[in-house]
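Numbering (my numbering), first residue to last: 274 to 428.
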């Protein structure tokens, strides 16, 4: 197994817990530059989310990020599009789109994503969506990054 680290017994978890655990593994590998683990665990994570059935916004976000980690821009964009169709102002939409734009080096798309995020950040975070609380640190870091990239100090 890539990484040679001990694993958790996934059979004792719910399907969603299994999928989320695999998501965490893929994200840790991706952030650490471990392409082998991303390639090994990414498809497993996608399969696990596929077994859940109807995906909520948080699960769509996870799938989009896994697709992005696997360099499947089409799959990542499909998750962003599906989420945007159901929740047009959802903060996870620009986060997924950022992954695609960043990989492509598309600076115009990055600016659009940052602007979209900042334009909706205050109202969306005030909405009390549970998934925002679960990803609060990531959302705040992205807000700060967007402000810096656009030269905005408030919003």
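Idealized CB from N, CA, C, for every residue including glycine. Source: prediction; values computed, not measured.
Three-state secondary structure (DSSP) of residue i
i           : result
residue 350 : helix
residue 360 : coil
residue 345 : coil
residue 282 : coil
Span of the alpha helix (DSSP H) around residue i
i           : result
residue 370 : 365-377
residue 289 : 288-304
residue 396 : 380-399
residue 320 : 308-323
residue 419 : 409-423
residue 326 : Where residue 326 is concerned, there is no enclosing alpha helix (DSSP H), given that its DSSP letter is neither H nor E.
Local Cβ density within 10 Å of residue i, reported as buried at 16 or more and exposed below that
i           : result
residue 293 : buried
residue 219 : Outside the modelled stretch of the chain, which goes from 274 to 428, sits residue 219, for which no answer is possible.
residue 361 : exposed
residue 400 : exposed
residue 320 : exposed
residue 425 : exposed
Residue-level contact to chain C via CB, residue i, 8 Å cutoff
i           : result
residue 322 : Absence of chain C from the displayed structure is noted, only one protein chain being present.
Whole-number beta carbon distance between residue j and residue i, since they are thought to touch under 8 Å
i           : j           : result
residue 299 : residue 342 : 6 Å
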